Amino acid sequence: MRKPQIRLQNIADDLARINAQRDALVLGALEALEYGHASLVQVLLEKVGSRQRAAYWMCLRQRALGGRSAYELLADGEEDSVWDLLSGAEQVDTSHSLRVPVPAE
């Protein structure tokens, strides 16, 4: 009985496509957030230094936020908790836990 061949190139292509879709969704979410929370996004940009890092930070599950992302808190009406984190009541973590993808050349 022959084992089905795993086509690693197909897997790599699928992963690249999914990652590109995720990147577009993450950046689009930050853009949408600016319409309702422009000042929050501005402060976040000042803290982390780039739109891409800010977009991924918003999606990152934060220990300081009880294991939830900033988007989850905003959706639950807990905007003050996000502001507390950004204002310095808690340190904004932009260290190794935030791995921003490198765009393909």
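Each step along the sequence shown adds one to the number in this note's numbering, with nothing skipped, and position 83 is 83.
Glycine included, C-beta positions come from ideal geometry on N, C-alpha and C.
Just so we're clear, the structure is a prediction, and the values are computed from it rather than from any experiment.
Whole angstroms are fine: how far does the CA of Val82 sit from the CA of Leu74? 8 Å
Would you check if there are 3 or more beta carbon pairs closer than 8 Å linking the stretch 31-50 to the stretch 2-16? no
I need the straight-line Cα distance from Tyr56 to Gly77, nearest angstrom please. 20 Å
Reducing DSSP to helix, strand and coil, say where Arg7 ends up. coil
So for Arg61, helix, strand or coil by DSSP? coil
Out of Cys59, Leu86, Leu65, Glu79, point me to the one whose CA is closest to Val26's CA. Cys59
Would you tell me roughly how many angstroms separate the C-alpha atoms of Gly67 and Ala24, rounded to the nearest one? 24 Å
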